[in-house]
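Heads up, the sequence shown is in my numbering, so the first residue is 669 and it goes up one at a time.
Below you'll find the structure, written out as structure tokens, and then a few comments.
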Amino acid sequence: MIRVAIDGPAGVGKSSTSKALAEHYGYAYLDTGAMYRACAWWCIRSGLDLDAEDLDAQAITEAVGDFFTGGHARFGVDPKDPVVESDGRDIRDEIRSHDVSSHVSTVSSIIPVRHVLIAAQRAIIAQESDAESFSHGTGIVVEGRDITTVVAPDAEVRVLLTAREDVRQARRSGQKSAGVGQDDVAARDHADSTVTSFLSAADGVTTVDNSDLTFQQTLDALIALVDAAI
Ligand code: C5P
Numbered sequence: 669m670i671r672v673a674i675d676g677p678a679g680v681g682k683s684s685t686s687k688a689l690a691e692h693y694g695y696a697y698l699d700t701g702a703m704y705r706a707c708a709w710w711c712i713r714s715g716l717d718l719d720a721e722d723l724d725a726q727a728i729t730e731a732v733g734d735f736f737t738g739g740h741a742r743f744g745v746d747p748k749d750p751v752v753e754s755d756g757r758d759i760r761d762e763i764r765s766h767d768v769s770s771h772v773s774t775v776s777s778i779i780p781v782r783h784v785l786i787a788a789q790r791a792i793i794a795q796e797s798d799a800e801s802f803s804h805g806t807g808i809v810v811e812g813r814d815i816t817t818v819v820a821p822d823a824e825v826r827v828l829l830t831a832r833e834d835v836r837q838a839r840r841s842g843q844k845s846a847g848v849g850q851d852d853v854a855a856r857d858h859a860d861s862t863v864t865s866f867l868s869a870a871d872g873v874t875t876v877d878n879s880d881l882t883f884q885q886t887l888d889a890l891i892a893l894v895d896a897a898i
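So, in structure tokens, the structure goes:
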């Protein structure tokens, strides 16, 4: 079983590259950012005030706990079709909205919320490691902000995917014209970096800076790292 952990800031192309990497090897794929986004979506939908100055962290944590343990949330691991569902409803488009993007850091900065998600992510990774139940080959690509450091620090391959801020902002603007909600990546990175460490590589983590690389060159760099580990 090969676990590939990929961290990095917003707009670096983590999702598209990680998905392509998983497809290349026939591995499972887990987008942990989508999990945090789905939690923010769930909280907004539950009527919780994520703009309040005296944020009700306990109510948010309870709502997130209910989202998972109440069986509402479902996250697929097929890189060709990574479904994100709430009570059977496909919420993949809604979790990319401006409303969710601008509130997700508020939710993900609550430490007890992170504990719920870290446990859920480890359970998905463990399930894929179980020879009886794995659905995709013999590996999983997991991407996020704290995968190389917290969720799976013992992963066989650990990568920090990064790029200059101007490049990342330009990539997100491109996505915006492709229908993705407006997203201030610098503000999000700033908020996120108070609770997760993805701006520099931890010990044993390989940095891939793709500022001047094409999509294919980035993918090839990751394939070389996985090939060296298998
Ligand atoms: O990867 P993406 O940009 O979709 O992530 C959305 C948000 O989810 C991040 O801005 C961050 O607040 C949160 N996140 C996190 N830890 C992760 C993955 C995402 O806190 N492992």
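A virtual CB, placed ideally from N, CA and C, is assigned to each residue, including glycine.
In this text the structure is predicted, and so the values were computed from the model without any measurement.
Worksheet item: Would you call residue 682 buried or exposed, if buried means 16 or more other Cβ atoms sit within 10 Å of its Cβ?
Response: Along the sequence shown, read from residue 1 onward, the residue named residue 682 stands at position 14. Buried.
Item to complete: Take residue 865 and list the residues in its own chain whose beta-carbon comes closer than 7 Å to its own, dropping the five residues that flank it on each side.
Response: Counting from one through the sequence shown, the residue named residue 865 turns up at place 197. The answer, listed in chain order, is 817.
Worksheet item: How big is the Cα-Cα spacing for residue 714 and residue 732?
Response: Walking along the sequence shown from the start, residue 714 turns up at place 46. Walking along the sequence shown from the start, residue 732 turns up at place 64. One C-alpha to the other measures close to 10 Å.
Item to complete: Check whether the Cβ of residue 842 lies closer than 8 Å to any heavy atom of the ligand C5P, and answer yes or no.
Response: Counting from one through the sequence shown, the residue named residue 842 turns up at place 174. False, no ligand heavy atom lies under 8 Å from that Cβ.
Worksheet item: Going along the chain, which unbroken runs of the alpha helix (DSSP H) with 4 or more residues stay wholly within the segment 851 to 896?
Response: Within the segment 851 to 896, the alpha helix (DSSP H) runs of at least 4 residues that lie entirely inside it are, in chain order, 853 to 860.
Worksheet item: Any heavy atom of the ligand C5P within a distance shorter than 8 Å of the CB on residue 854?
Response: To locate residue 854, count along the sequence shown from 1; it is residue 186. No - the ligand C5P has no heavy atom lying nearer than 8 Å to the Cβ of residue 854.
Worksheet item: Does the ligand C5P have a heavy atom nearer than 8 Å to the CB of residue 671?
Response: For this step, residue 671 is matched to residue 3 along the sequence shown. Every heavy atom of the ligand C5P is 8 Å or more from the Cβ of residue 671, so no.
Worksheet entry | Segment contact, 8 Å Cβ cut-off, at least three pairs: the segment 774 to 791 with the segment 672 to 687 | no
Discussion item. So if I measure from each beta-carbon to every heavy atom of the ligand C5P and keep distances below 5 Å, which residues remain?
Written reply: 678, 700, 701, 704, 772, 773, 776, 812, 813, 814, 856 and 860
Worksheet item: Which partner residues of residue 827 appear in the DSSP bridge assignment?
Response: Here residue 827 refers to the residue found at position 159 when the sequence shown is read from its first residue. 674 and 874, per the DSSP bridge assignment.
Worksheet item: Cα separation between residue 767 and residue 717?
Response: Within the sequence shown, residue 767 is the residue found at index 99, counting from 1. Within the sequence shown, residue 717 is the residue found at index 49, counting from 1. Roughly 12 Å between the two C-alpha positions.
Discussion item. As a quick exercise: from 739, 740 and 723, pick the residue whose alpha carbon is nearest that of residue 774.
Written reply: Indexing the sequence shown from 1 puts residue 774 at position 106. Looking at the Cα atoms, 723 is the closest of the given residues.
Item to complete: Note down, in chain order, each residue of its chain lying with its Cβ closer than 7 Å to the Cβ of residue 759, except the 5 sequence neighbours on either side.
Response: Locating residue 759 in the sequence shown gives position 91, counting from the first residue. Excluding sequence neighbours, residue 759 sits near 706, 709, 752 and 753.
Worksheet item: At which residues does the beta strand (DSSP E) containing residue 697 begin and terminate?
Response: Here residue 697 refers to the residue found at position 29 when the sequence shown is read from its first residue. That run of the beta strand (DSSP E) goes 696 to 699.
Practice prompt. Could you tell me if residue 678 is buried or exposed, where buried requires 16 or more neighbouring beta carbons within 10 angstroms of its beta carbon?
Written response: Residue numbering aside, residue 678 sits at position 10 when the sequence shown is read from its first letter. Per the 10 Å Cβ criterion, buried.
Fill in: Proximity of residue 769 and residue 831 at Cβ, strictly below 9 Å
Residue 769 sits at position 101 when you count from the first residue of the sequence shown. Residue 831 sits at position 163 when you count from the first residue of the sequence shown. The beta carbons of residue 769 and residue 831 sit no closer together than 9 Å.
Worksheet entry | Exposure label - residue 823; buried when at least 16 CB within 10 Å | Counting from 1 along the sequence shown, the entry for residue 823 is found at position 155. Per the 10 Å Cβ criterion, buried.
Worksheet item: How about residue 743 and residue 702: are their beta carbons less than 9 Å apart?
Response: Numbered from 1 along the sequence shown, position 75 holds the residue referred to as residue 743. Numbered from 1 along the sequence shown, position 34 holds the residue referred to as residue 702. Yes, the pair counts as a contact, with Cβ atoms nearer than the cut-off.
Worksheet entry | Whole-number beta carbon distance between residue 704 and residue 776, since they are thought to touch under 8 Å | Here residue 776 refers to the residue found at position 108 when the sequence shown is read from its first residue. Here residue 704 refers to the residue found at position 36 when the sequence shown is read from its first residue. A Cβ-Cβ separation of about 4 Å places residue 776 in contact with residue 704 under the 8 Å criterion.
Practice prompt. Spell out whether any CB of chain B is found under 9 Å from the CB atom of residue 783.
Written response: Judged by its chain identifiers, the structure shown contains no chain B, having just a single protein chain.
Discussion item. On the DSSP letters alone, give me the boundaries of the beta strand (DSSP E) that residue 741 sits inside.
Written reply: By 1-based counting over the sequence shown, the position of residue 741 is 73. It spans 741 to 743 - the beta strand (DSSP E) in which residue 741 sits, taken as one unbroken run.
Worksheet item: Per DSSP, which one or two residues make a beta bridge with residue 757?
Response: Looking up residue 757 in the sequence shown gives position 89. BP columns for residue 757 point to 754.
Worksheet item: With respect to the beta strand (DSSP E) encompassing residue 808, which residues constitute its N-terminal and C-terminal limits?
Response: Position 140 of the sequence shown holds residue 808. From DSSP, the beta strand (DSSP E) with residue 808 extends over 807 to 812.
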